[in-house]
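*Asks:* Okay, handing you the structure first.
Number of protein chains: 4
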Amino acid sequence: MKLFPENQDFDGPFPQLNRRLRLGIAGGGRIAATQAMAARMSDHWEVVAGALSSDPENAKARAAGFRIAPDRAYASFEEMAEGEARHPEGVDAVMITTPNHLHHAAAKAFLNAGIDVLCDKPLTNEMSEAEDLIGLAETSGCVFGVSYVMSCFPMIRQARQIVAEGGLGRINQIHVEFLQDWMTPDEVADAPHVKWRLDPSKTGKTSCVGDIGTHAAHLAQFVSGLTLTDLRAEFHVCGAPKPVEDTFFAWTRHTGEVPGTLMATRLAPGNRGGLRLRIFGSEGGIEWDLEKAEQLRFNRFGEADRIISRGHGHGVSPSVERLVRTARGFPEGIIEAWGNLYTEFAMAVVARKDGVGIPEGWLGLPTVAHGADGVRFIEATVRSNEAGGEWVRL
Amino acid sequence: MKLFPENQDFDGPFPQLNRRLRLGIAGGGRIAATQAMAARMSDHWEVVAGALSSDPENAKARAAGFRIAPDRAYASFEEMAEGEARHPEGVDAVMITTPNHLHHAAAKAFLNAGIDVLCDKPLTNEMSEAEDLIGLAETSGCVFGVSYVMSCFPMIRQARQIVAEGGLGRINQIHVEFLQDWMTPDEVADAPHVKWRLDPSKTGKTSCVGDIGTHAAHLAQFVSGLTLTDLRAEFHVCGAPKPVEDTFFAWTRHTGEVPGTLMATRLAPGNRGGLRLRIFGSEGGIEWDLEKAEQLRFNRFGEADRIISRGHGHGVSPSVERLVRTARGFPEGIIEAWGNLYTEFAMAVVARKDGVGIPEGWLGLPTVAHGADGVRFIEATVRSNEAGGEWVRL
Amino acid sequence: MKLFPENQDFDGPFPQLNRRLRLGIAGGGRIAATQAMAARMSDHWEVVAGALSSDPENAKARAAGFRIAPDRAYASFEEMAEGEARHPEGVDAVMITTPNHLHHAAAKAFLNAGIDVLCDKPLTNEMSEAEDLIGLAETSGCVFGVSYVMSCFPMIRQARQIVAEGGLGRINQIHVEFLQDWMTPDEVADAPHVKWRLDPSKTGKTSCVGDIGTHAAHLAQFVSGLTLTDLRAEFHVCGAPKPVEDTFFAWTRHTGEVPGTLMATRLAPGNRGGLRLRIFGSEGGIEWDLEKAEQLRFNRFGEADRIISRGHGHGVSPSVERLVRTARGFPEGIIEAWGNLYTEFAMAVVARKDGVGIPEGWLGLPTVAHGADGVRFIEATVRSNEAGGEWVRL
Amino acid sequence: MKLFPENQDFDGPFPQLNRRLRLGIAGGGRIAATQAMAARMSDHWEVVAGALSSDPENAKARAAGFRIAPDRAYASFEEMAEGEARHPEGVDAVMITTPNHLHHAAAKAFLNAGIDVLCDKPLTNEMSEAEDLIGLAETSGCVFGVSYVMSCFPMIRQARQIVAEGGLGRINQIHVEFLQDWMTPDEVADAPHVKWRLDPSKTGKTSCVGDIGTHAAHLAQFVSGLTLTDLRAEFHVCGAPKPVEDTFFAWTRHTGEVPGTLMATRLAPGNRGGLRLRIFGSEGGIEWDLEKAEQLRFNRFGEADRIISRGHGHGVSPSVERLVRTARGFPEGIIEAWGNLYTEFAMAVVARKDGVGIPEGWLGLPTVAHGADGVRFIEATVRSNEAGGEWVRL
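Chains as they are written, first to last, in the numbering used here: chain A, 1 to 394; chain B, 1001 to 1394; chain C, 2001 to 2394; chain D, 3001 to 3394.
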């Protein structure tokens, strides 16, 4: 049994898995469409089933949008889990792209049916639910990925490798921010795809923290290799009144008392995908910006600045080249990062099912444990904010 | 019969076609892999057949790389055209991604079998062949797209619209260049995927002109709306000796005697996807760079500079939003541009087969006529260069 | 009596004052050299006297470096104040560029002698000294400028004007940071020009806050027009052990409870003049970066981004054009910003001496009051840091 | 006799000359004001005399704008040359900033009087005049600088050094362009400071070539070290009808048949100081842009891109640090580049007068020979354009 075919002389970006896996969708808004694009692009997945609405007719109509046959369009996660588990060509795995408050129930249903899961972040709205899922993942033996997609950009992997190799020396500071502007106008709060994000019964105790802050927190830890151990945070509602924060600031401590800052907002006109990571060490620094995701700034103190561009060679590590689809200068974007996530998810799924090993260092897929870390982060910001910005331990 | 399904409440980036079309591959190197990714991503295509080697065993092995079944892996275009034409679920269309000298034979085989074609540029190595294909496209009634993919970036469509709406006033100058660096080291000429590009029997009379110069020439005309009517060109071999040029410079005239420059090289260290278009008019200018494809600079004389970012609103025209997959700031890349090309190709194929109309302004797909323009451009540069850089008319 | 000559048909960037003023230097390291360059460039000043060392011989030698005659080279501020006050062509004003702990004594000596003063920031190391100087400025009637030079960049003035005109709507957030990297290597602490900056008896209770943080704090208030009212801060020593902080983070509140962040460090490899200001409002945002000081990003939500470039027209306000020396695209730098500071200082000095008025809106020169605000800011950060990062009111 | 004072412990950017030199101005519009600012900033010059108008009253009024005493304000170059030559404290040198057609007469008058000259480019409107000035410079023994100021940017000096040290390997291509936009509106041709630039009796046979094209041509040669030997050029009038070109394109050959392109225009909306130099070699490339003059891109094929920033260390060569005034990240601009030109001019003047030597490699000042090269370049473009764009030898 092997992970990849023998005679692969095709000069493609990724080794091909021996078969295309079957994917189901639990949820199904915009983000599901993006992920489905990426899954197809990766060539490791085929979307074949979905639970896209609790109304059976609507579920079928929406399923058609993903080219899912009507008999694979379910009106509940439970039905889907059950139906697919006994289907001779049932799904190998599902993506969970519901509003946050449904993640736990959906994941539970699929894990119980022995179906691997890739769940959107934040993993859950409650820490207890997150812990429950960790337990279920363990007992079921299923693969459980969490879609911290930002960690799948090749230049983020490059950054992680530079840090791991000591390219920055001792890490002194970690700064990360995620600025967007789409919530700037007051009226946007009423848009259908925004409404649930501002409703605490669905989005959880936070909106901005859970949605984009958690990306920032994960990225900082993923690249630095240093766990976020403590923080103090304050929440703000900068725009129209709303029951959850639209902006927050935090100070952080990572393993070894390394200090940092973290900030996110959706009311920063002129910023869209303003996710920016900066790590400064005793010998060098790195800077990365989602809006310029193809480049990584790497500065060794005392030398000229370096800009590493995604591609082959020219400063890109061989282990990162595995994630490269097009030549340097022919830009890739976030759908390709999603594609990397779906490739690594597929590798994990195949490895489990076929009992094969994955080469050392090939798998960067964030797991349910990282998802739980994210929930812990969110809860810590809430506790700190409620305590007037006191330090809290994660 | 309709182009798109009735009940499409799915909030995706593109209206979905009523069925997924079947795609074949004639050729099958790196560029085929990229196009296949994009075709799958677009969700309008499924790769089902291919002629990827003249050796039957190799053809099957390579087909496996595209998940093509062995019985749809052919060892010649003619076999494939014949086999697919009579297959009950034969391909709707083929992409032709062979070395240049085989484009004509391949396209001819498929057109004769009534199969729609999307052919790589340059269309052919000889003008006579290009004209032959124009004729065949007409008599067969088949759709014939040519893969000038750069014209499918949303911000290029935006640029074209700004020009068309008079945003630049009267056009005064058109400058375009395409700089790469991968041929800088002498030894690269011996790499397998490079060899044919330097062999005139395969690449044609030019290498750099036909491969990247023709992209530049198409883009300049696509955005400006002004035909390239005259040019003078000189060819250079800047790096290791080779039988074709690796660099060329041109002066151009577009409709109305509008002057311009055009240049391309593969020996410009530090440049990869250095395709840069600049159009200057009596009231404004636009600038676009493939390496920063998400932004379009638009300068109205007398005002602050404007930067339009791909996405929805914020200066993006509604007609361009149709090509947008992810939110502003969440970058797209060239695979998405390829995806746009495959979407428009699919629209054209469905429209032909199902006899439905395509909404005004929806189709930017370059056709066999644009392909022939490209061959005419290449031949003009050859003639001019041979005549010591004299002006020649296209 | 008029501020400017009648028959000024010379098409220069600045109206010329009727005479060149005489400038003295109290201090005299690198920063004095930069300021002297700028003062000469402005054409409103001539350096004629200095107290550059307490050793008489050394004082003369260093004076020669500024082309100061030996008989105008003094060995103490008091001597200089006295000597110049009774000199028939004594200095009109002095720049004070000593280490921080000497600012108060030097300023006092000159104010007492009726000599106008332009003092480096931070104004003093103690709030009581700052208040003393406010009193002395009032009783002496002298002009007292403080060298917050960043506020003299044309694009900063433009930013201030945009905010004042309501271009951002209601201000929601104010973020400012100043990142440098020169203190990254441990051994730099021993360099002669660095030593005093790490010695609390000279630099005061802070190093990074007083030196660069105070620039950031002034700029945020200067552009936003909103006073910094509260903050919480924490200090860090990121590099080699030292008795003062080399890094600090703060959260801020400005008039009307507008939240913000402020951060500065000298251990951010790859950053040099990383002073970056971002103000976000309900309708738009502005962003400015010292390393790209010629451009101002101005984003109106819902429109294409705008980049305003220093120069004449093209979005630059007429009131800002007064500070423009070279045409758009022919870059100016920080010496020109210093030149603007020296021009405005000269205008204030001439206005006082000759009893003439300065046109409304012409004078942006920071004063002793702004200097005292800076000391208050520094003291607040110290108090907050000592209290474990508690909120303190300025 | 020494060039610099003994006891210079002052830590300034430049060794100081033993005395401040006396400068005269022949001409006196905007560009004279800029140069006077720079000369003062350099601290090596004092403006003391001028011939700024042929009308005696106006000459005095304009002189006042430069703080020149009325008795040193002349109404002709000849008067000025004569008056200053016999003045006990007469000028050491003059800057010539008249319209082009007066350069020759002015320079001749001063050289004949033994006064050193720094003349604006283009040196003259006729080659014969340029040769005459070469002869006069030789016979008079005077210093004759020509103000190709772009060659005085530190990062241009760095680029030259990289090339000289072989950092690019064998040079393959040289591309340079100078794009501006201020002549875009038709009505600008009537502005007083523009009129003479479009009048062939004053500006010479070209306008855009002589004014900005010649900067581009000089820079390409200065950095590459390769003489421009041949070119073909075509002139365009892109905007309102005018008797001289506002745009031109050229192909070039440098020593060793190295090919290149050169282009300049004043009708490129969105470009102001768009002087961009790119040199590509067998091992690396460099790119520099006047609008980002503080950075030099240096790409070694196969490595990460490098960005060298003006300042001390971090990739800046010690020989270039001599031209650095402010720390990395605290931007310098073109007035500082002018300052460097005036420093090097002062060094040359002092060296001649005092018979001292200048250290090897310290003097980059362009001379009358470079000025004549510029005239030869202009004449070549005219000849080529008139011959329909034929190749002409310089």
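Each residue gets a CB set at the ideal place from its N, CA and C atoms; glycine is no exception.
From Val2176/C to His1215/B, what distance separates their C-alpha atoms?
*Replies:* Within the third sequence, residue 2176/C is the residue found at index 176, counting from 1. Within the second sequence, residue 1215/B is the residue found at index 215, counting from 1. Answer to the nearest angstrom: the Cα atoms are 44 Å apart.
*Asks:* Would you please verify whether the beta carbon of Gly3285/D is less than 8 Å from any beta carbon of chain B?
*Replies:* Looking up residue 3285/D in the fourth sequence gives position 285. Yes, Gly3285/D lies at the interface with chain B (some Cβ there is under 8 Å from its Cβ).
*Asks:* DSSP has Trp288/A in a bridge; who is on the other side?
*Replies:* One-based indexing of the first sequence puts residue 288/A at position 288. According to DSSP, which records beta bridges pairwise, Trp288/A is partnered with Leu277/A.
*Asks:* Could you name the residues of the region 1033-1065 of chain B whose beta carbon sits closer than 7 Å to any beta carbon of chain A, in the order they occur along the chain?
*Replies:* Ala1033, Thr1034, Met1037, Arg1040, Met1041, Asp1043, Ala1061, Arg1062, Ala1064 and Gly1065
*Asks:* Which class does Cys2142/C belong to by DSSP, given the choice of helix, strand or coil?
*Replies:* Numbered from its first residue, the third sequence carries residue 2142/C at position 142. Cys2142/C: coil per DSSP, three-state reduction.
*Asks:* Roughly how many angstroms separate the alpha carbons of Gly413/A and Val3188/D, rounded to a whole number?
*Replies:* Look at the range of chain A in this structure, 1 to 394, and you will see that residue 413/A is not part of it.
*Asks:* For Leu1226/B, which three-state DSSP category applies?
*Replies:* Reading the second sequence from its first residue, position 226 is the one you call residue 1226/B. Coil at Leu1226/B, not helix or strand.
*Asks:* For chain C, is any of its Cβ atoms less than 8 Å away from the one on Ser1151/B?
*Replies:* One-based indexing of the second sequence puts residue 1151/B at position 151. False, the Cβ-Cβ gap to chain C never drops below 8 Å.
*Asks:* Under the DSSP definition of a beta bridge, which residues are partnered with Ala3130/D?
*Replies:* For the purposes of this step, residue 3130/D is identified with residue 130 of the fourth sequence, where counting begins at 1. DSSP lists no partner for Ala3130/D.
*Asks:* Look up Gly1024/B in the DSSP assignment and give the residues it is bridged to.
*Replies:* On the second sequence, residue 1024/B is found 24 positions in, with the first residue counted as 1. Ala1049/B and Val1094/B.
*Asks:* Which residues share a DSSP beta bridge with Leu296/A?
*Replies:* Here residue 296/A refers to the residue found at position 296 when the first sequence is read from its first residue. In DSSP, Leu296/A forms a bridge with Ile308/A.
*Asks:* Please list the partners that Arg1297/B has in chain D, where partner means a Cβ-to-Cβ separation under 7 Å.
*Replies:* Position 297 of the second sequence, counted from the first residue, corresponds to residue 1297/B. Chain D residues near Arg1297/B: Gly3270.
*Asks:* Where DSSP assigns a beta bridge to Leu3179/D, which residues make up the other side?
*Replies:* Position 179 of the fourth sequence, counting from 1, holds the residue named residue 3179/D. According to DSSP, which records beta bridges pairwise, Leu3179/D is partnered with Thr3265/D and Gly3274/D.
*Asks:* Let me see if you follow: with CB-CB separation under 8 Å, is Phe178/A close to chain B or not?
*Replies:* As a first step, residue 178/A must be located in the first sequence, where it is residue number 178. Not closer than 8 Å to any Cβ of chain B, the Cβ of Phe178/A fails to qualify, so no.
*Asks:* Am I right that Gly3374/D and Lys3121/D are in contact with their C-beta atoms under 8 Å? What's the rounded C-beta distance?
*Replies:* As a position in the fourth sequence, residue 3374/D is number 374, starting the count at 1. As a position in the fourth sequence, residue 3121/D is number 121, starting the count at 1. 5 Å between Cβ atoms; contact.
*Asks:* By the 9 Å beta-carbon criterion, what residues does the region 2305-2321 of chain C contribute toward chain B?
*Replies:* Asp2305, Arg2306, Ile2307, Ile2308, Ser2309, Gly2313, His2314, Gly2315 and Val2316
*Asks:* From the DSSP secondary-structure annotation, give me the bridge partner or partners of Gly2357/C.
*Replies:* By 1-based counting over the third sequence, the position of residue 2357/C is 357. None, per the DSSP bridge assignment.
*Asks:* Ala1075/B and Ile1115/B: beta carbons closer than 8 Å?
*Replies:* Locating residue 1075/B in the second sequence gives position 75, counting from the first residue. Locating residue 1115/B in the second sequence gives position 115, counting from the first residue. No, the pair does not count as a contact, with Cβ atoms beyond the cut-off.
*Asks:* Let me see if you follow: with CB-CB separation under 8 Å, is Arg2088/C close to chain D or not?
*Replies:* Numbered from its first residue, the third sequence carries residue 2088/C at position 88. The residue asked about is misnamed: residue 2088/C is Pro in this sequence, not Arg. Not closer than 8 Å to any Cβ of chain D, the Cβ of Pro2088/C fails to qualify, so no.
*Asks:* For the putative contact between Arg1325/B and Met41/A, defined by C-beta atoms under 8 Å, what is the C-beta separation to the nearest angstrom?
*Replies:* Here residue 1325/B refers to the residue found at position 325 when the second sequence is read from its first residue. Here residue 41/A refers to the residue found at position 41 when the first sequence is read from its first residue. Between Met41/A and Arg1325/B the Cβ distance is about 11 Å, and since that is not below 8 Å, they are no contact.
*Asks:* Under 8 Å between the Cβ atoms of Gly1270/B and Asn3299/D?
*Replies:* Walking along the second sequence from the start, residue 1270/B turns up at place 270. Walking along the fourth sequence from the start, residue 3299/D turns up at place 299. Between Gly1270/B and Asn3299/D, the C-beta spacing is below 8 Å.
*Asks:* Anything in chain A within Cβ reach of Glu3303/D, meaning under 7 Å, just list it in chain order.
*Replies:* Walking along the fourth sequence from the start, residue 3303/D turns up at place 303. Going along chain A in sequence order, the residues near Glu3303/D (Cβ under 7 Å) are His314 and Gly315.
*Asks:* Let me know if Ala387/A comes out buried or exposed under the rule of 16 or more other beta-carbons within 10 Å of its beta-carbon.
*Replies:* On the first sequence, position 387 is the one that residue 387/A refers to. Burial call: exposed.
*Asks:* Identify the contact partners of Arg2325/C in chain D, using a Cβ-Cβ distance below 8 Å as the criterion.
*Replies:* Along the third sequence, one-based indexing puts residue 2325/C at 325. Within 8 Å Cβ-Cβ: Thr3034, Met3037 and Ile3335.
*Asks:* Cβ of Val3392/D within 8 Å of Cβ of Lys3205/D?
*Replies:* Looking up residue 3392/D in the fourth sequence gives position 392. Looking up residue 3205/D in the fourth sequence gives position 205. Val3392/D places its beta carbon 8 Å or farther from that of Lys3205/D.
*Asks:* Reducing DSSP to helix, strand and coil, say where Cys3238/D ends up.
*Replies:* In the fourth sequence, residue 3238/D corresponds to position 238, counting from 1. Coil, per DSSP.
*Asks:* Identify which residue in Gly1169/B, Gly1027/B, Gly1313/B and Ile1308/B has its Cα closest to the Cα of Gln1295/B.
*Replies:* On the second sequence, position 295 is the one that residue 1295/B refers to. Among Gly1169/B, Gly1027/B, Gly1313/B and Ile1308/B, the Cα nearest to that of Gln1295/B belongs to Ile1308/B.
*Asks:* Near Arg3352/D, what residues of its chain come up, given a Cβ to Cβ distance below 8 Å and the 5 sequence neighbours on each side ignored?
*Replies:* Within the fourth sequence, numbered from 1, the residue matching residue 3352/D stands at position 352. Excluding residues up to 5 positions away in sequence, Asp3116, Gly3141, Cys3142 and Val3143 lie with their Cβ nearer than 8 Å to the Cβ of Arg3352/D in the same chain.
*Asks:* Give the secondary structure of Ala2387/C by DSSP, where H, G and I count as helix, E and B as strand, and everything else as coil.
*Replies:* By one-based count along the third sequence, residue 2387/C stands at place 387. Coil, per DSSP.
*Asks:* Taking 8 Å as the threshold (beta carbon to beta carbon), is Gly267/A in contact with chain C?
*Replies:* The residue labelled residue 267/A in the question sits at position 267 within the first sequence. At residue 267/A the sequence reads Leu, which differs from the Gly that was named. So, interface residue.
*Asks:* List the residues of chain A that His2236/C touches, going by C-beta distances under 9 Å, in chain order.
*Replies:* Locating residue 2236/C in the third sequence gives position 236, where the first residue counts as 1. Asn172, Gln173 and Pro259, listed in chain order.
*Asks:* Where does Ala380/A fall in DSSP's three states?
*Replies:* For the purposes of this step, residue 380/A is identified with residue 380 of the first sequence, where counting begins at 1. Of the three classes helix, strand and coil, the one that applies to Ala380/A here is helix, per DSSP.
*Asks:* Cβ of Gly1024/B less than 8 Å from any chain A Cβ?
*Replies:* The residue given as residue 1024/B occupies position 24 in the second sequence. Cβ-Cβ to chain A under 8 Å: no for Gly1024/B.
*Asks:* Put Asn2172/C into one of helix, strand or coil per three-state DSSP.
*Replies:* Numbered from its first residue, the third sequence carries residue 2172/C at position 172. If DSSP states are grouped into helix, strand and coil, Asn2172/C belongs with the strands.
*Asks:* Quick one: list the residues of chain A neighbouring Trp2251/C, beta-carbon separation under 7 Å, in chain order.
*Replies:* Against the third sequence, residue 2251/C aligns to sequence position 251. The contacting residues are Glu234 and Phe249.
*Asks:* Determine, using beta carbons only, whether Gly2239/C comes closer than 8 Å to chain A.
*Replies:* Along the third sequence, read from residue 1 onward, the residue named residue 2239/C stands at position 239. Yes - at least one Cβ of chain A is within 8 Å of the one on Gly2239/C.
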